[in-house]
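Working notes, beginning with the structure itself.
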Amino acid sequence: MIQEARIVAGFTGAGISTESGIPDFRSPNSPWLRNKPIAYELFLRSAKARREAWRRKFAMDDLYRGARPSTGHRALAALVASGRMPAVITQNIDGLHQESGLGDDQVIELHGNGTYAKCLSCGRRHELDWVRYHFDRNGEPPECMACGGILKSATISFGQAMPEEPMRRAQKLSAACDLFLVAGSSLVVYPAAAFPAFAKENGARLVIVNREPTPLDDVADLVVHAEIGEVFSEFPT
Ligand SMILES: [Zn+2]
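Add 2 to the 1-based position in the sequence shown for the numbering used here, that's all there is to it.
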């Protein structure tokens with residue numbers, strides 16, 4: 003199917019990064035389940051919530067600092083390099099697609115990126131090392147260097163609006179592709195999960211590689227319930 007396709011859209015979720023050692027949000031023993039997520043509205047309103055959000059963020063970063071791209075990340079990077087896949091749409095925030103060699107224009111991040119911080123007022127990017135340096139010294143996250151605004155990890159939190167430009171790019175790629183390849187997503191988180199359904203309705207073939215069944219298995223052209231690394235290690239590119 004890849005060889006027959008003109009434009010392949012890649013789509014990834016937590017499953018591709020579990021093989022890099024980053025646990026899935028929903029897997030048992032997930033550190034994500036220990037704490038109730040801090041809603042965006044609370045983050046904006048409460049300095050205490052912001053301190054707690056940053057404390058968790060840095061604790062999590064320490065746990066997964068050594069994570070490197072998996073076989074799946076590398077296989078998708080090779081597909082992009084071959085010219086057949088314009089970009090990978092991802093639900094992940096770990097930056098591992100970029101680390102596997104993709105440029106920012108080749109990754110469409112629906113839920114943002116946890117490897118840097120952004121000012122909520124002016125949008126200026128700040129590096130995490132700098133934020134952490136101030137946080138460790140003062141017990142408070144620093145303000146935006148440019149405007150004094152609130153800094154937040156550049157991810158999309160519960161209650162925060164989906165980012166417009168990535169949503170538009172994902173929509174465009176889903177409409178243009180003739181093969182939509184899902185790798186490691188259970189396709190239950192919306193609106194992200196709407197893209198494969200939309201591509202299929204638009205006449206693209208749909209392939210799903212995921213360890214567990216997904217709600218779109220019935221309409222897919224091919225479903226493989228297996229580890230990503232196992233499937234993608236013999237990936238034609
Ligand atoms: Zn700012």
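Even for Gly, the Cβ is constructed at its ideal location relative to N, Cα and C.
CB contact flag (I24, D96, <8 Å): The beta carbons of I24 and D96 sit closer together than 8 Å.
Rounded straight-line distance, which links the Cα of D220 to that of H263: There is simply no residue 263 to check, as the chain begins at 3 and stops at 239 in what is shown.
Cβ neighbour criterion (16 or more within 10 Å) applied to C149: C149 counts as exposed, since fewer than 16 other beta carbons sit within 10 angstroms of its beta carbon.
C-alpha distance - E1 paired with A156, whole-angstrom precision: This structure leaves residue 1 out entirely; the chain is present only between 3 and 239.
V226 versus P193: straight-line alpha-carbon distance, rounded: Roughly 23 Å between the two C-alpha positions.
Meets three-Cβ-pair contact criterion under 8 Å: the segment 173 to 180 and the segment 134 to 146: Between the segment 173 to 180 and the segment 134 to 146 there are fewer than three C-beta pairs closer than 8 Å, too few to call the two in contact.
Those residues, in chain order, that have a beta-carbon closer than 6 Å to some heavy atom of ligand 1: Residue list for ligand 1: C121, S123, C124, R126, C146, A148, C149, G151 (CB closer than 6 Å to any heavy atom, chain order).
C-beta atoms of T14 and T117 nearer than 8 Å: No, they are not a contact pair.
Residue interval of the beta strand (DSSP E) (run including H2): The structure shown has nothing for residue 2, since the chain only spans 3 to 239.
C-alpha gap between A41 and D223, whole angstroms: Answer to the nearest angstrom: the Cα atoms are 37 Å apart.
Cβ neighbour criterion (16 or more within 10 Å) applied to R139: It is exposed - the Cβ of R139 has fewer than 16 other Cβ atoms within 10 Å.
Beta-carbon contacts of A228 that lie in its chain and below 8 Å, excluding the five residues immediately before and after: Within the same chain, V211, R213 come within 8 Å of A228 by CB-CB distance, once the 5 residues on both sides are set aside.
As assigned by DSSP and simplified to three states, the class of K38: In the three-state DSSP reduction, K38 falls in the coil class, being neither helix nor strand.
S188 versus G17: straight-line alpha-carbon distance, rounded: So the two alpha carbons sit approximately 8 Å from each other.
Residue nearest to A55 in terms of C-alpha spacing, selected from Q108, P215, F160: For A55, the closest C-alpha among the options Q108, P215, F160 is that of F160.
Separation of F45 from H241, as counted between CA atoms: Not covered by the structure: residue 241. The range shown for the chain is 3 to 239.
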